[in-house]
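Here it is, written out as structure tokens:
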């Protein structure tokens with residue numbers, strides 16, 4: 030039995046580290062326990078082959094609010110980003126959807142090709158999204174609102190109609206309402222495509238994570254972290270240790286100890302225990318409620334509801350060392366390297382989204398998956414040997430469990446089929462591969478502790494955002510177990526590397542302690 034501490038945090042990912050820093054600065058004795066070796070969770074980097082460094086979990090920083098960057102002095106500690114350019118959406122017929130300002134022959138939506146009606150519809154649709162995000166953004170760094178609270182906030186303003194449409198129309202129906210042609214509708218087929226097929230339009234509210242501060246106009250950093258995402262984790266660790274946080278890795282938690290309805294400590298897998306006044310779990314809700322707590326600790330009905338939360342829509346990650354940049358058949362710009370400064374998304378149409386989710390429902394890897402192809406080394410040459418590159422490719426959706434066979438049995442074949450699929454768009458891709466590693470949902474679960482390999486802890490369905498994340502009774506970062514709080518990406522506002530759930534959970538703990 031080790032001495033009692035004020036607060037124990039489960040998980041040293043970015044949320045756990047952010048929360049720990051705020052809490053320690055407020056005078057609490059805080060200790061963070063991480064199941065794996067090292068700290069940072071999904072914000073890590075690995076040298077998979079000599080000279081080739083990959084951000085093998087999250088690879089892009091785009092959702093950390095400026096206030097957290099400032100509070101933790103991340104820029105002063107050395108945070109440097111290289112901005113990533115915009116995305117292009119390639120199609121198998123040799124065309125693409127790009128920025129309307131890119132007026133090239135292969136761009137389906139170049140400004141000169143759009144009719145006045147299309148330009149008006151596009152403007153109205155973008156205005157709709159701005160109004161919806163503007164309604165939600167003030168709640169980003171606080172407990173999330175219920176729908177009734179949003180409706181009250183919007184009452185008597187144009188946002189009231191925006192909210193009505195968002196909560197009564199499916200996304201594609203809403204796009205059809207604003208966008209008059211198929212080519213414009215297909216240009217937005219990717220929106221919320223990683224969530225579910227054609228969700229309620231309210232799913233667009235998730236975009237508030239990347240919106241500027243409504244009071245100051247500040248935006249958080251956007252781009253690849255120079256040196257890899259592990260560098261971001263190092264800066265968070267430095268801030269935490271400076272605040273007095275104690276960090277222990279290789280300390281997997283087996284059970285949250287509960288006595289008379291109150292969290293009193295942790296038991297580790299080696300049998301050791303620690304006593305503490307409060308516990309903050311930054312593990313995903315399913316790990317917290319289904320593995321670390323029992324029916325004796327919380328209502329079995331609540332545990333069943335947590336078990337029913339959507340986490341089974343996962344993804345894969347393909348990491349490849351390549352000898353040259355991909356040459357995309359559809360690209361018609363003067364600089365063939367330009368696409369590699371941004372993100373290439375392959376053939377994301379409504380029909381393909383439907384097909385992907387039909388395959389997913391059947392427990393099969395999608396035949397034509399959606400994917401985001403990035404080349405971090407194009408912007409940060411330190412990640413690869415001279416003349417070579419690192420390709421970091423997220424592919425989705427992916428079934429957490431297969432209807433036939435296991436991921437171990439099918440991993441190689443699925444990886445090869447994805448390489449073939451990409452090569453259909455960039456003919457030199459397969460021959461450029463020096464080495465690759467393919468990570469399945471099973472790999473993401475075993476390596477990063479993510480249930481079902483869900484990189485957001487839970488999907489961002491309309492029911493699982495804002496005041497419904499993860500469940501209405503858990504949305505304020507508190508649990509029915511007194512002294513047990515939740516601060517992982519399964520809380521508002523959701524996944525991505527933002528630190529916001531950790532920040533918000535810390536503020537609620539301090540509020541309960543009378544320190545804010």
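Numbering (the numbering used here), first residue to last: 30 to 545. All C-beta atoms in this analysis are idealised placements derived from N, C-alpha and C, irrespective of residue type, glycine included. Every value quoted in this text rests on a predicted model; they were computed, and no experiment measured them.
**Asked** In its own chain, which residues sit with a C-beta less than 6 Å from the C-beta of residue 31, not counting the 5 before and 5 after it?
**Response** Annotation note: pLDDT 49 at residue 31 (below 50); position unreliable, coordinate value reported separately. Only 303 meet the Cβ criterion.
**Asked** By how many angstroms is the C-alpha of residue 173 removed from the C-alpha of residue 522?
**Response** 8 Å
**Message:** What does the alpha-carbon distance come out to for the pair residue 499 and residue 47?
**Reply:** 20 Å
**Request:** Specify the secondary structure class of residue 545 as computed by DSSP and reduced to three states.
**Result:** coil
**Asked** Between which two residues does the beta strand (DSSP E) containing residue 424 stretch?
**Response** 418-428
**Per-residue burial, residue 106 [other beta carbons within 10 Å of its own, 16 or more giving buried]** = exposed
**Message:** Am I right that residue 525 and residue 238 are in contact with their C-beta atoms under 8 Å? What's the rounded C-beta distance?
**Reply:** 6 Å
**Message:** Please report the distance separating the alpha-carbon of residue 43 from that of residue 386.
**Reply:** 31 Å
**residue 474 versus 36, 71 and 193, residue with shortest Cα-Cα distance** = 71
**Prompt:** Looking at C-alpha atoms only, which residue of 74, 372 and 203 is the closest neighbour of residue 128?
**Reply:** With distances taken between Cα atoms, residue 128 lies closest to 372.
**Asked** What is the DSSP secondary structure of residue 155, counted as helix, strand or coil?
**Response** Under the three-state reduction of DSSP, residue 155 is assigned to helix.
**Request:** Report, in whole angstroms, the separation of the C-beta atoms of residue 538 and residue 52, which I expect to be a contact under 8 Å.
**Result:** Right, the Cβ-Cβ distance comes to about 6 Å (below 8 Å), so this counts as a contact.
**Message:** Just to confirm, is the Cβ distance from residue 506 to residue 533 under 8 Å?
**Reply:** yes
**Stretch-stretch touch, CB-based, cutoff 8 Å, three pairs: the stretch 323-341 with the stretch 481-492** = They touch, by the three-pair rule.
**Item:** Those runs of the alpha helix (DSSP H) which lie wholly inside the stretch 208-277 and span at least 4 residues
**Value:** 211-216 and 258-271
**Asked** residue 563 lies in the beta strand (DSSP E); which residues open and close that run?
**Response** This structure cannot speak to residue 563, because the chain is shown only from 30 to 545.
**Prompt:** residue 348 and residue 83: beta carbons closer than 8 Å?
**Reply:** yes
**Request:** For residue 30, name the three-state secondary structure that DSSP assigns.
**Result:** Below a pLDDT of 50, predicted positions are generally treated as unreliable, and residue 30, at 48, falls in that range; the measurement from the model is reported next regardless. If DSSP states are grouped into helix, strand and coil, residue 30 belongs with coil.
**Message:** So, under 8 Å CB-CB, residue 306 and residue 519 are touching, yes? Tell me the CB distance rounded to an integer number of Å.
**Reply:** Incorrect: roughly 23 Å between the Cβ atoms, too far for contact.
**Item:** First and last residue of the uninterrupted alpha helix (DSSP H) at residue 78
**Value:** Premise fails: residue 78 lies in the beta strand (DSSP E), 75-78, not in any alpha helix (DSSP H).
**Asked** Cβ of residue 428 within 8 Å of Cβ of residue 398?
**Response** no
**Asked** Hey, does residue 82 have any beta-carbon neighbour from chain D nearer than 8 Å?
**Response** Absent from the structure is chain D; it holds one protein chain and no more.
**Asked** Does the Cβ of residue 61 lie closer than 7 Å to at least one heavy atom of the ligand NAD?
**Response** With respect to the ligand NAD, the structure offers nothing, as it holds no ligand at all.
**Request:** Pick out whichever of 383, 402, 430 and 423 has its Cα sitting closest to the Cα of residue 392.
**Result:** 430
**Message:** Tell me whether the stretch 250-262 and the stretch 89-105 touch, counting them as touching only if at least three CB pairs, one residue from each stretch, are closer than 8 Å.
**Reply:** yes
**Request:** Would you mind sorting residue 325 into buried or exposed? The rule is 16 or more other CB atoms within 10 Å of its CB.
**Result:** Exposed, since its Cβ has fewer than 16 Cβ neighbours within 10 Å.
**Item:** Supposed close pair residue 248, residue 87 - CB separation, criterion 8 Å
**Value:** Actually they do not touch by this definition, with Cβ atoms about 18 Å apart.
**Prompt:** beta strand (DSSP E) containing residue 195: first to last residue?
**Reply:** First-last for residue 195: 188-197, but that is the alpha helix (DSSP H), not the beta strand (DSSP E).
**Item:** Same chain, Cβ closer than 6 Å to residue 376, five either side skipped, listed in chain order
**Value:** 120 and 121
**Residue range of the beta strand (DSSP E) that includes residue 374** = 372-375
**Message:** I believe residue 458 touches residue 447 by the beta-carbon criterion, under 8 Å. Please report the beta-carbon distance rounded to the nearest angstrom.
**Reply:** Not really, about 10 Å apart at Cβ, beyond 8 Å.
**Request:** Spell out a yes or no on whether the stretch 274-281 and the stretch 50-65 are touching, meaning 3 or more CB-CB pairs, one atom from each, closer than 8 Å.
**Result:** Yes, the stretch 274-281 is in contact with the stretch 50-65.
**Asked** If we count the other Cβ atoms within 10 Å of its Cβ and call it buried at 16 or more, is residue 400 buried or exposed?
**Response** buried
**Item:** For residue 383 and residue 226, believed in contact at Cβ under 8 Å, the rounded distance
**Value:** 6 Å
**Asked** Around the C-beta of residue 280, are 16 or more other C-beta atoms found within 10 angstroms, so that it is buried, or is it exposed?
**Response** Its Cβ being crowded by 16 or more others within 10 Å, residue 280 is buried.
**Request:** Please say whether residue 192 and residue 204 have beta carbons closer to each other than 8 Å?
**Result:** no
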